[in-house]
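J.: Quick one: the structure is below, and I'll ask about it shortly.
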Amino acid sequence: MQVPKLNFENEFDFQIKQDKDTFFIYDLVRKSWLVLTPEEWVRQHWLHYYRFVKKKNLSSLILEKKLELNGTTKRIDLLITEKTKPKILLELKAPNIVLKEIHFEQIARYNSLIGAEQIIISNGLHHIFADYKDGKYLFLNSKV
0 MQVPKLNFEN EFDFQIKQDK DTFFIYDLVR KSWLVLTPEE WVRQHWLHYY
50 RFVKKKNLSS LILEKKLELN GTTKRIDLLI TEKTKPKILL ELKAPNIVLK
100 EIHFEQIARY NSLIGAEQII ISNGLHHIFA DYKDGKYLFL NSKV
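Take the sequence shown: its position 92, counted from the start at 1, is 91 in numbering that gives the first Met the number 0, and no numbers get skipped.
This is the structure we're talking about:
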């Protein structure tokens with residue numbers, strides 16, 4: 000399977016396997032093999048980044064947590080916690096998806112329930128970082 004090189008300074012050692020025409024990637028947090036979709040490729044990069052570069056415990060990485068928003072069930076892509084407090088909320092897209100204002104609005108709605116100090120929107124190639132303070136978002140320049 001041809002997967003794109005993503006915009007991360009570090010290289011990660013992923014476990015990937017193939018069964019017939021389907022590729023799978025091993026998820027360290029969920030301890031299971033997941034279908035390797037473009038969005039999952041991005042999620043696994045962020046997961047490995049926080050685990051191996053930022054040295055976060057696996058228990059502080061929350062994946063696909065359910066949220067109830069305006070009567071509908073949503074799932075967050077990745078939440079980084081510190082002593083069970085929400086610190087960083089990530090909204091992840093496939094590399095071919097251009098990041099737009101609607102994606103920021105989506106993660107801001109989710110964060111209105113979660114209350115993380117920082118949000119990140121990423122398609123693996125482009126990353127948008129914002130701090131949440133005093134009810135406002137301040138966009139940041141940052142590298143991963």
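Beta carbons are placed, not taken as given, at the ideal position from N, Cα and C, and that holds for glycine.
Does the count of Cβ pairs from the segment 66-73 and the segment 90-101 closer than 8 angstroms reach three?
T.: Flag = no, the segment 66-73 and the segment 90-101 do not touch.
J.: Given 8 angstroms as the limit, is there contact between the segment 108-125 and the segment 80-95, that is, 3 or more CB pairs closer than that?
T.: The segment 108-125 vs the segment 80-95: in contact.
J.: Under a Cβ-count criterion, where at least 16 other Cβ atoms within 10 Å of its own Cβ denotes burial, should Leu139 be classed as buried or exposed?
T.: Counting from one through the sequence shown, the residue named residue 139 turns up at place 140. So Leu139 ends up on the exposed side.
J.: With Arg50 and Leu60 assumed to form a contact (beta carbons below 8 angstroms), what rounded beta-carbon distance in angstroms separates them?
T.: Here residue 50 is taken as the residue at index 51 of the sequence shown, counted from 1. Here residue 60 is taken as the residue at index 61 of the sequence shown, counted from 1. Correct: roughly 7 angstroms between the Cβ atoms.
J.: Which residues mark the beginning and the end of the alpha helix (DSSP H) in which Glu85 is found?
T.: Walking along the sequence shown from the start, residue 85 turns up at place 86. The question names Glu, yet the displayed sequence has Pro at residue 85. First-last for Pro85: Lys84 to Leu91, but that is the beta strand (DSSP E), not the alpha helix (DSSP H).
J.: Using CA coordinates, which residue listed in Ala129, Leu5 and Lys84 is at the minimum distance from Ile106?
T.: Locating residue 106 in the sequence shown gives position 107, where the first residue counts as 1. When each option's Cα is compared against that of Ile106, the closest is Ala129.
J.: Could you check how far apart the C-beta atoms of Ile119 and His125 are, in whole angstroms? I think they sit under 8 angstroms.
T.: Sequence index remark: in the sequence shown, residue 119 carries index 120 (1-based). Sequence index remark: in the sequence shown, residue 125 carries index 126 (1-based). Incorrect: roughly 11 angstroms between the Cβ atoms, too far for contact.
J.: Provide the residue span of the beta strand (DSSP E) that contains Gln17, from first to last.
T.: Looking up residue 17 in the sequence shown gives position 18. Residues Ile15 to Asp18.
J.: Assuming Ala115 and Leu57 form a contact by the criterion Cβ under 8 angstroms, report the distance between their Cβ atoms to the nearest whole angstrom.
T.: Within the sequence shown, residue 115 is the residue found at index 116, counting from 1. Within the sequence shown, residue 57 is the residue found at index 58, counting from 1. Incorrect: roughly 18 angstroms between the Cβ atoms, too far for contact.
J.: Give a yes or no on whether the C-beta atoms belonging to His44 and Gly123 are separated by under 8 angstroms.
T.: Walking along the sequence shown from the start, residue 44 turns up at place 45. Walking along the sequence shown from the start, residue 123 turns up at place 124. Yes.
J.: For the alpha helix (DSSP H) containing His102, list its first residue and its last residue.
T.: Reading the sequence shown from its first residue, position 103 is the one you call residue 102. Start and end: Glu100 to Ile113.
J.: Could you give the DSSP three-state label for Phe23: helix, strand or coil?
T.: Position 24 of the sequence shown, counted from the first residue, corresponds to residue 23. Residue state, collapsed to three classes: strand.
J.: In whole angstroms, give me the CA-to-CA distance for Thr80 and Lys55.
T.: Looking up residue 80 in the sequence shown gives position 81. Looking up residue 55 in the sequence shown gives position 56. Roughly 9 angstroms between the two C-alpha positions.
J.: Assuming Leu5 and Leu27 are in contact, meaning their beta carbons sit under 8 angstroms apart, how far apart are those beta carbons, in whole angstroms?
T.: Indexing the sequence shown from 1 puts residue 5 at position 6. Indexing the sequence shown from 1 puts residue 27 at position 28. Not confirmed; about 17 angstroms, so no contact.
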